[in-house]
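Student:
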Amino acid sequence: MRRLAPAHGARMDPQQDITEEQYFEIVDHFINQANEYSKRFPHGRISGALLFAAARYNAFNWVNRSLLLDQSLEEAVRLFRTEYENMFRHNVDTMMPPKS
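Position in the sequence shown (from 1) plus 725 gives the number in the numbering used here.
Now the structure itself:
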């Protein structure tokens, strides 16, 4: 199955200077690290830690941004929420068996 990198971040950071292959190299690294941790810790805690880390990383980058300076916190929250929902739904769709 061919994976397509979402157009994530386009409204949050117009600089899209990595390839799709590089994007999934990063994604796979985080997933592999989470899978390693799941050998020692409950899956729910790993999921929570990933969400917290993503929120913290994204908050830091948003607070220290040099672009989109007029974007309000509420706009940023709405964009991140929408991006997460779209990514989550896409991943569930790709993992679910076909409906008969």
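For glycine and all other residues, C-beta sits at the position ideal for the given N, C-alpha and C. Computed from a predicted model, the values in this text were never measured in an experiment.
Just to confirm, is the Cβ distance from L776 to A759 under 8 Å?
Tutor: Looking up residue 776 in the sequence shown gives position 51. Looking up residue 759 in the sequence shown gives position 34. Contact flag unset, no.
Student: Assuming N685 and F805 make a contact with CB atoms under 8 Å, what is their CB distance in whole Å?
Tutor: With the chain covering 726 to 825 only, the question about residue 685 has no answer from this structure.
Student: Could you round the C-beta distance between S763 and I771 to whole angstroms and report it? I think they count as a contact, below 8 Å.
Tutor: Looking up residue 763 in the sequence shown gives position 38. Looking up residue 771 in the sequence shown gives position 46. S763 to I771, Cβ: 5 Å. Contact.
Student: Whole angstroms are fine: how far does the CA of E810 sit from the CA of V817?
Tutor: One-based indexing of the sequence shown puts residue 817 at position 92. One-based indexing of the sequence shown puts residue 810 at position 85. Going from the Cα of V817 to the Cα of E810 covers about 11 Å.
Student: On the DSSP letters alone, give me the boundaries of the alpha helix (DSSP H) that T807 sits inside.
Tutor: As a position in the sequence shown, residue 807 is number 82, starting the count at 1. Run containing T807: 798-820, per the alpha helix (DSSP H) assignment.
Student: Where do the ends of the alpha helix (DSSP H) carrying N760 lie?
Tutor: On the sequence shown, residue 760 is found 35 positions in, with the first residue counted as 1. Run containing N760: 745-762, per the alpha helix (DSSP H) assignment.
Student: Quick one: give me the first and last residue of the alpha helix (DSSP H) that N789 is part of.
Tutor: To locate residue 789, count along the sequence shown from 1; it is residue 64. Run containing N789: none; DSSP gives neither H nor E here.
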